[in-house]
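Taking my numbering as reference, the numbering of the sequence shown is continuous, increasing by one, and the terminal residue is 574.
We put the CB at the ideal spot given by N, CA and C, even for glycine.
Every value quoted in this text rests on a predicted model; they were computed, and no experiment measured them.
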Amino acid sequence: MKYPLLFVACLMMNCQFQAQTYNIVIKGGHVIDPVNNINEVMDIAVKDGKIFMVAKNIDGRDAMQVVNAEGLYVTPGLIDMHVHVFYGTFLDQQYMNGPSSVVPDGFTFRTGVTTVVDAGCAGWRTFPAFKRQIIDRSQTRVLAFLNIVGEGMRGGPFEQNLKDMDPNVTGGFAVKNSGDIVGIKLAHYSGHDCTPTDLAVEAGKLADMPMMVDFGGSDPPLSIEDLFMKHLRPGDIFTHCFAQLSGGREYIVDPQTAKVRPFVRAALDRGIIFDVGYGGISFAYSQGIPAIKSGIYPHVISTDLHIGSMNGAMKDLLTTMSKFLAMGMDLQSVIKATTMTPARVIKREELGKLSVGSEADIAIFNLRKGKFGLFDHTGFKIEADRKLECEMTIRAGKIVYDLNGIANPITLSRR
Ligand SMILES: [Zn+2]
160 MKYPLLFVAC
170 LMMNCQFQAQ
180 TYNIVIKGGH
190 VIDPVNNINE
200 VMDIAVKDGK
210 IFMVAKNIDG
220 RDAMQVVNAE
230 GLYVTPGLID
240 MHVHVFYGTF
250 LDQQYMNGPS
260 SVVPDGFTFR
270 TGVTTVVDAG
280 CAGWRTFPAF
290 KRQIIDRSQT
300 RVLAFLNIVG
310 EGMRGGPFEQ
320 NLKDMDPNVT
330 GGFAVKNSGD
340 IVGIKLAHYS
350 GHDCTPTDLA
360 VEAGKLADMP
370 MMVDFGGSDP
380 PLSIEDLFMK
390 HLRPGDIFTH
400 CFAQLSGGRE
410 YIVDPQTAKV
420 RPFVRAALDR
430 GIIFDVGYGG
440 ISFAYSQGIP
450 AIKSGIYPHV
460 ISTDLHIGSM
470 NGAMKDLLTT
480 MSKFLAMGMD
490 LQSVIKATTM
500 TPARVIKREE
510 LGKLSVGSEA
520 DIAIFNLRKG
530 KFGLFDHTGF
540 KIEADRKLEC
550 EMTIRAGKIV
560 YDLNGIANPI
570 TLSRR
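Below you can see the structure in the form of structure tokens.
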């Protein structure tokens, strides 16, 4: 068939015009964006890697790609605030450049996660290798809590070495690398004292950054009431907040009475941040269910992703979020705990929202109906009738994951 020359010229001009309008228009999805108080069906236009427009009806003909999101939820790209991604081949170094950590891009985009925060795998001595090997080579945005231990999570005696916990050097290093580092971490300390906690808080003060603590490897356990009320600052983070392990640490819910312990509300009023940090064995329904029933929601829902958690009860961030839905949290709160709140906790308020001009990190979900067994590491199972599934992830304005080909045209792989 022959086309008149004018028509062909128009087509070409139109193509050029389209290329200059929107890169992507997402049509008909239910947008949940807690920062901008949006919880309704809206369209989103993406241009030059940024959110260009969020409005009721954006013309898809002006876009290079149109995503049909009808019946789906559209949210800011998720932030997983507690992961271990300093993967390396030093076999005896555990999470620090070792095999206990995982490579971020293999786990993030398929679950709507566009930003991860590594929880202390690297200390100031080992951070340059982390930056070179992982942060600068990942499509996922990788931020970090810097371990108060200079060597980071190298395991065994390294993490008990008080001589390698220097708040001045750690705080100063965090400030110099504040493009990547958002806080200080303490974990795995088993001595019967709060000295490392105080050193990590001191580093946090110097850097003006929050401190995240994985508290309690001592037997008999140290007081979490003292931790919350005397040692941590408002804005510091208590991770593994719903853990119930056999020894070494206190819990926020009294296992005898299934009641939230009385000082917990005072701690929350003081501004202590509760992070799930689900992990291999760091979440139990016996803590989570009574807490949620009492209205104690975690501020942040995170996975503590590593080789010991990824194929166990935890699996991924969406499975973890689905458990909180099943325990009675509403969808809006679950999305807030994985977008707006973690962004605020790490003082990166440019993230976790769909504001015009923000980098276009977007997640699209299906809330699937069916029968789902959501169990914890103790074997306790909730039979849930809905579960979040990632349909699409957009990172910096590019479609990086599309489960069912809902983009038109479909993004072709070029790597
Ligand atoms: Zn962890």
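Cα-Cα separation, residue i to residue j
{"i": "Ala168", "j": "Val504", "result": "For Ala168, the predicted structure reports a pLDDT of 48, less than 50, and the residue's modelled location is therefore unreliable. A value from the coordinates is still provided. Distance between the alpha carbons of Ala168 and Val504 is about 53 angstroms."}
{"i": "Val272", "j": "Pro379", "result": "38 angstroms"}
{"i": "Lys186", "j": "Leu231", "result": "10 angstroms"}
{"i": "Glu550", "j": "Glu199", "result": "18 angstroms"}
{"i": "Val559", "j": "Lys418", "result": "44 angstroms"}
{"i": "Pro568", "j": "Ile294", "result": "31 angstroms"}
{"i": "Lys557", "j": "Phe433", "result": "32 angstroms"}
{"i": "Ala281", "j": "Phe332", "result": "12 angstroms"}
{"i": "Thr356", "j": "His390", "result": "7 angstroms"}
{"i": "Gln253", "j": "Met312", "result": "7 angstroms"}
{"i": "Thr270", "j": "Pro263", "result": "12 angstroms"}
{"i": "Arg220", "j": "Pro287", "result": "46 angstroms"}
{"i": "Gly511", "j": "Thr498", "result": "4 angstroms"}
{"i": "Met488", "j": "Lys322", "result": "43 angstroms"}
{"i": "Val205", "j": "Val233", "result": "13 angstroms"}
{"i": "Tyr181", "j": "Asp202", "result": "12 angstroms"}
{"i": "Ser337", "j": "Leu302", "result": "9 angstroms"}
{"i": "Asn256", "j": "Ala228", "result": "39 angstroms"}
{"i": "Gln415", "j": "Ser445", "result": "11 angstroms"}
{"i": "Gly532", "j": "Phe442", "result": "16 angstroms"}
{"i": "Arg291", "j": "Asp413", "result": "44 angstroms"}
{"i": "Ile191", "j": "Lys528", "result": "19 angstroms"}
{"i": "Ser461", "j": "Lys546", "result": "16 angstroms"}
{"i": "Phe176", "j": "Leu562", "result": "Because the pLDDT at Phe176 is just 46, under 50, the model does not fix this residue reliably, and the point stays unresolved."}
{"i": "His625", "j": "Val275", "result": "Nothing in the structure corresponds to residue 625, since the chain is present only between 160 and 574."}
{"i": "Lys452", "j": "Leu358", "result": "35 angstroms"}
{"i": "Ala402", "j": "Phe268", "result": "27 angstroms"}
{"i": "Met172", "j": "Ala502", "result": "The pLDDT assigned to Met172 is 48, lower than 50, so where the model puts this residue is not dependable; a value taken from the coordinates is nonetheless given after this. When rounded, the distance between both Cα atoms is 42 angstroms."}
{"i": "Ala214", "j": "Val226", "result": "15 angstroms"}
{"i": "Gly406", "j": "Ala472", "result": "21 angstroms"}
{"i": "Ser468", "j": "Gln491", "result": "26 angstroms"}
C-beta contact flag for residue i and residue j at 9 angstroms
{"i": "Ser259", "j": "His241", "result": "no"}
{"i": "Phe374", "j": "Arg408", "result": "yes"}
{"i": "Thr299", "j": "Arg554", "result": "yes"}
{"i": "Ile396", "j": "Pro421", "result": "no"}
{"i": "Val383", "j": "Tyr410", "result": "In the sequence as displayed, the identity of residue 383 is Ile instead of Val. Cβ distance < 9 angstroms, so Ile383 and Tyr410 count as in contact."}
{"i": "Pro153", "j": "Asp520", "result": "Absent from the model: residue 153. The displayed extent of the chain is 160 to 574, so no value can be given."}
{"i": "Ile440", "j": "Leu404", "result": "yes"}
{"i": "Val515", "j": "Met212", "result": "yes"}
{"i": "Thr329", "j": "Gly350", "result": "no"}
{"i": "Leu464", "j": "Asp239", "result": "yes"}
{"i": "Ala566", "j": "Ile210", "result": "no"}
{"i": "Val334", "j": "Asp385", "result": "no"}
{"i": "Lys482", "j": "Ile541", "result": "yes"}
{"i": "Ile523", "j": "Gly188", "result": "yes"}
{"i": "Val435", "j": "Thr398", "result": "yes"}
{"i": "Pro393", "j": "Ile431", "result": "yes"}
{"i": "Asn195", "j": "Leu513", "result": "yes"}
Residue i: CB within 8 angstroms of a non-hydrogen atom of ligand 3
{"i": "Glu318", "result": "Absence of ligand 3 from the depicted structure is noted, with ligand 1 being the only ligands included."}
Ligand 1: which residues have Cβ under 5 angstroms from any of its heavy atoms, chain order?
Ala278 and Asp463
Taking only runs that begin and end inside the stretch 305–380, name each unbroken beta strand (DSSP E) of 3 or more residues, in chain order.
340–345 and 370–372
Suppose only complete runs of 3+ residues qualify. What are the beta strand (DSSP E) ranges in the stretch 465–509, listed by chain order?
none
Continuous beta strand (DSSP E) assignments of at least 3 residues falling wholly in the stretch 265–290:
272–282
Segments assigned beta strand (DSSP E), at least 3 residues, entirely inside the stretch 198–262
209–214, 222–227, 232–235 and 237–242
Within the stretch 415–448, note down every full alpha helix (DSSP H) run reaching 4 residues or more, in order along the chain.
422–429
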